Amino acid sequence: SLGGATHALVAQSANKGYGDQFIALTDGKLRFGRGSAVGGGSFDERGSRVITLDKFTHWAITFDGENARGFLDGYLEFTFPCQGWVNAPGDFNIGRNLNIGFTPTGSDADFDDFRVTKGVARYTQAFIPTDKPFPNTGPA
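Each residue of the sequence shown is one higher than the one before, starting from 1289 at the first, in the numbering used here.
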């Protein structure tokens, strides 16, 4: 069990304080948030599905210029108005976070693959995650 802890998947700090933007698991549920110090509006969105421990889990956050969407194993967990990840001055951390009470060492997850795609909202609705490599252009 992940318990009540928050495990950072991706995070970036704006000011080494409460100015983070992050993607995390809290109580085993997908979470995407941003503090007001980062700019671009603060929010804290959370999904409802709980991951299964010791099982491959596919998570994705997409932006289409108007909305952010969170997916867990292909299921749409949340949609809300958001222009996307803000370019902040702090380091872009994968698997750890520096602030807001996250597990100091970050996530206990093993990452098989990590992809950032700029300019393509790869997912806009529920989908079946693939086990094949993604193409380098266009939606999957």
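For glycine and all other residues, C-beta sits at the position ideal for the given N, C-alpha and C. Please read all numbers here as calculations on a predicted model, not as lab measurements.
Restricting attention to K1420, D1419, A1293 and A1414, the CA atom closest to the CA of G1358 is found in A1414. With contacts defined by Cβ atoms closer than 8 Å, A1302 and A1312 do not form a contacting pair.
The three-state reading of DSSP puts S1336 in coil, since its state is none of H, G, I, E or B.
K1317 and G1372 have their C-alpha atoms roughly 20 Å apart. In terms of CA proximity to K1420, H1346 leads the group T1412, G1335 and H1346.
With contacts defined as CB atoms closer than 8 Å, R1334 and R1319 qualify as a contacting pair. Across the structure, D1342 and D1361 are spaced so that their CA atoms are roughly 14 Å apart.
Shown here for E1365: same chain residues with a beta carbon closer than 7 Å to its own, the five before and five after excluded, namely L1318, G1335, S1336, R1337, G1358 and F1359 in chain order.
Counting only residues of its own chain and dropping the five nearest sequence neighbours on each side, T1314 has a CB closer than 7 Å to the CB of T1294 and R1334. The alpha-carbon separation between A1376 and S1330 amounts to approximately 14 Å.
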